[in-house]
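Residue numbers (the numbering used here): 1 to 821. For every residue, glycine included, the Cβ atom is placed at its ideal position computed from N, Cα and C. Here the structure is laid out as structure tokens; the discussion comes afterwards.
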Amino acid sequence: MPRIDDVKKDLNLDEATFAKVYEKVMGKKLTAKTATISDSNLEKMKYIIDQLPKKAAKKATPAKKADDGKILKSDEIGFGGGFLSGLGFTKQEEKPEREDEDSLELHNIEIPLTSNKETSQEELSFSDAPKIRNARVIARAEPRPAEPSKKPKSTASKAGGNISIEQGTYKAKEKLQKSGSGLDFFADHLAQKKQHEPKKVEKPVFKKEEKPAPTPTAKVHKEATTSSNLVKKTEVTIEENITVKEFSEKIGVPLPEVMKKLIANGIMTSLNASLDFDTASLIAEDLGVTLKKKEATLDVQSFMEGDLQKILDIDKEAEKQVERAPIVTVMGHVDHGKTSLLDYLRKTSVAGGEAGGITQSIGASMVNYNGKQITFIDTPGHELFTSLRARGAKLTNIAIIVIAADDSVMPQTIESINHAKSAGVPIIIAVTKIDKPGNNMDQIKADVAKYGLTPEDWGGETPFVGVSSKTGQGIDLLLEYVLLQAEMLELKYNPDRQAVGVVVDAYKDPKQGVVASLIVLTGTLKNGDIIVAYNTYGKVRRMQNRLGKNTGKIMGGEPVQILGFTELPEPGRIVEVVSNEKEAHQRIAFIKESEAKASGDGALQQFLAQLKAGDQSKISELRLILKADGSSSLEALKQAVDGLSLPKNVTIKVVHSDVGYFGESDLSLAQASKALLIGFNISMNALLKKKAEGLKIEMKVFDIIYELTDYLNNLLLGMVEVEKEEVIVGKLEILGVFHTETREMTVGGRVKEGKVKNKLKFRVYRGDDILTNGEILSLHRNKDEVKEVNAGEDCGMKVKIGKRIEMGDMLEFYEMQEVKA
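Put into structure tokens, the structure is as follows:
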């Protein structure tokens, strides 16, 4: 056995150090009588001595570099005469790190029973990995040959949670502690663990278990196979809504890559969550895939207003197009001869069914004239049906406004003119009862001309036709004018697509159930089709054409009466054929969620102008669309809005609120309902912001609730100046972040464009996304507070901010300037 004196010389240790190590190994103090030490105990002493330098090791943190690669020293960052000097803060003396009072404290070092020189000090057991904070897998170790003389120990983890137990190598992060290696941390952990567990002999590194790896479950295997078989597509057609998983399969991109793109765009979702078409299009574009909708479908605004022009315009691009009958709406004052005129045209006795001058239901009929077909709608002529008449004018191609020759222009006549003009449809004036003596056509023309409809023979574009439902006088000329206008409109439709139409009447029959009258505008309606009309749906069980005969299909432009709706559809609502009942339920859910999205009219400027005018006779309504980053934030936002103090005759209406980011659909809704977009704790896409500015849509995002309420309070008081506009004055790139407090930061950077002025407000861009807003509290250069810094110059500033700024962010500074006349 080695002699103690020889060991001291070999280990090159002083007496005190050698004595402590000896006491740690042997469990007793070194005495003068001790002459030798065994080989195994000597190995243990060497193992402990090897750990001592690591306990004292200090790891230096490299200084961050600026954009140009230069190391930013403390003297150059706001304290000396360098590029970020003069931030207004006193330089703090760096305190030396406290060294251990006893650098030879050995009680935390675990002594292995048998040292293993082939084992790295930073290699730890996979089964103990879950017990190590901040540990991460850096490599999969190759299987080690099992020792024949020892039975492999189980690698089952006692604290592994749901981690899969496989052989691997774990490496603790380098900065687990300010001093000491990952092995020191592991040794400390084992020492504490031994106080609570029975003593157990274990080696620092366990040998790999001989058992084969567990067989993956069928589900994991299936998903892996599916991903490997995906083929990326360049163009894909999808439905209006699609789940994340279906979207991945449709475009041929692995699900993890799709999820990564969603997260990168700030969309936290799940495998089976639904994506709308707008969101899916943005993600597909990032992945290099072009998306198309399965068929032209109507947006929220079109659903709410009954405006079919968008979908009919898309039909013009279809390969197969055929001519369709024009849809003509007959409007006018009560008892001015609407029903009698239609009765003469279709040779029915509907006129005899009137009671009190009000038609009991809306009817639709088709007239054949000179080989051409014309579809007529009769809308009631009473103010109770004003909104219904507005829908009727929206779905029509041509409007005929009837005026009695012996009565001239009346209130409902004026309403009818306004509805037709707002719908942008051609107008024909039919002067009825022309057969009666004493009519004054010139006076009627003069009265109508006051409302912007100048007769053709006066040099205008509005035809005036005198007609008689008794003698038939002027009827042919009226129909010729209708066909002439239809020819100019070039009305065509695609017969091969799924049908889209409009409800013109509906009632409940005690024996048959819900009976609905429709006009098909495009596509072909067939028996068995699943149809949706706003908030109700059904399956077409039977159809009757204009002659009252059962039929199997109805073409574009034709009226039809059907059975099959589960509930009464509202007249004027759009009817669409969908693929199945599941899609019908999804469409109804979408529409019901959006019911509040199309109310009222009046933009922000109109609202403020009305407040400024001081018209107390009218109620001014401010409409808002609210978005927040979570349900709690959204609730706080709603409460803040509800708690606003409203001026007299001013109300607030939240037309829509939801969790998430602003998207294309929000812009469409804001444009339709003339609402402001207000966001709380969310970022804003720069491209969407530009599009909103182009559409004159106000979009504001706040991080602090009282700033939001201040803005709305000022808005309600009419204090927001519409004569001012936002002007970009400068841009700055962040090169250093030096101090962070609650809602305040100290940063430095270089002015890239324009100039930066003290007290300016700014937006923080990270890439193409707007992260948050902020304001300069103080601006510094060369130890002095300055008013402005020009392009190319460096500066430091203290800012008020809602979220953390990082190096590389771009700050865009702006100010409000008066618009020059």
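Whether residue i touches residue j by CB criterion (8 Å)
{"i": "A506", "j": "V515", "result": "yes"}
{"i": "A405", "j": "L478", "result": "no"}
{"i": "V503", "j": "V578", "result": "no"}
{"i": "K757", "j": "E785", "result": "no"}
{"i": "F813", "j": "V737", "result": "no"}
{"i": "Q321", "j": "Y493", "result": "yes"}
{"i": "K689", "j": "I801", "result": "no"}
{"i": "V330", "j": "I400", "result": "yes"}
{"i": "L667", "j": "A636", "result": "no"}
{"i": "Q412", "j": "V334", "result": "yes"}
{"i": "I37", "j": "M1", "result": "yes"}
{"i": "R324", "j": "G557", "result": "yes"}
{"i": "L341", "j": "S248", "result": "no"}
{"i": "P463", "j": "I414", "result": "no"}
{"i": "L646", "j": "K638", "result": "no"}
{"i": "N550", "j": "A628", "result": "no"}
{"i": "N370", "j": "V328", "result": "no"}
{"i": "L624", "j": "V641", "result": "yes"}
Rounded Cβ spacing between residue i and residue j (contact assumed at less than 8 Å)
{"i": "T237", "j": "K292", "result": "5 Å"}
{"i": "V500", "j": "T522", "result": "5 Å"}
{"i": "K232", "j": "I263", "result": "About 20 Å separates the two Cβ atoms, so there is no contact after all."}
{"i": "E733", "j": "R750", "result": "6 Å"}
{"i": "T524", "j": "P495", "result": "5 Å"}
{"i": "S416", "j": "G332", "result": "6 Å"}
{"i": "L622", "j": "I652", "result": "5 Å"}
{"i": "G663", "j": "T279", "result": "6 Å"}
{"i": "A486", "j": "P326", "result": "4 Å"}
{"i": "L563", "j": "G528", "result": "In fact, because the Cβ distance is near 12 Å, the residues do not count as touching under 8 Å."}
{"i": "N790", "j": "K755", "result": "5 Å"}
Residue i classed as buried or exposed, judged by whether at least 16 other C-beta atoms fall within 10 angstroms
{"i": "G78", "result": "Bear in mind that a pLDDT of 41 at G78, under 50, signals an unreliable position, so the model cannot answer this."}
{"i": "L715", "result": "buried"}
{"i": "V448", "result": "buried"}
{"i": "G808", "result": "exposed"}
{"i": "A16", "result": "exposed"}
{"i": "A675", "result": "buried"}
{"i": "T375", "result": "buried"}
{"i": "H780", "result": "buried"}
{"i": "V7", "result": "buried"}
{"i": "N773", "result": "buried"}
{"i": "R546", "result": "buried"}
{"i": "K44", "result": "buried"}
{"i": "T339", "result": "buried"}
{"i": "V560", "result": "buried"}
{"i": "H419", "result": "buried"}
{"i": "Y451", "result": "exposed"}
{"i": "K798", "result": "buried"}
{"i": "S365", "result": "buried"}
{"i": "T746", "result": "buried"}
{"i": "A35", "result": "exposed"}
Start and end residues, beta strand (DSSP E) containing residue i
{"i": "P256", "result": "Where P256 is concerned, there is no enclosing beta strand (DSSP E), although the alpha helix (DSSP H) it sits in stretches over 255–264."}
{"i": "E635", "result": "Taken as a continuous stretch (DSSP letters only), E635 belongs to no beta strand (DSSP E), being part of the alpha helix (DSSP H) at 631–642."}
{"i": "E788", "result": "788–790"}
{"i": "T522", "result": "513–522"}
{"i": "V764", "result": "761–766"}
{"i": "T772", "result": "769–781"}
{"i": "R623", "result": "620–628"}
{"i": "Q485", "result": "Run containing Q485: none in the beta strand (DSSP E); it sits in the alpha helix (DSSP H), 475–489."}
{"i": "F662", "result": "Taken as a continuous stretch (DSSP letters only), F662 belongs to no beta strand (DSSP E), as it is neither H nor E."}
{"i": "A506", "result": "500–509"}
{"i": "S274", "result": "274–276"}
{"i": "E793", "result": "No beta strand (DSSP E) contains E793, which DSSP labels as neither H nor E."}
Boundaries (first-last residue) of the alpha helix (DSSP H) holding residue i
{"i": "E23", "result": "15–26"}
{"i": "Q443", "result": "441–449"}
{"i": "R3", "result": "Unbroken run through R3: none, as it is neither H nor E."}
{"i": "R346", "result": "338–346"}
{"i": "D335", "result": "Where D335 is concerned, there is no enclosing alpha helix (DSSP H), given that its DSSP letter is neither H nor E."}
{"i": "V244", "result": "244–251"}
{"i": "A686", "result": "686–694"}
Residue i CB to nearest heavy atom of the ligand FMN below 7 Å
{"i": "L491", "result": "Ligands in the displayed structure: none, and consequently the ligand FMN is not present."}
Quiz item: Between the region 646–664 and the region 702–709, are three or more C-beta pairs nearer than 8 Å?
Solution: With fewer than three CB-CB distances shorter than 8 Å, the region 646–664 does not count as touching the region 702–709.
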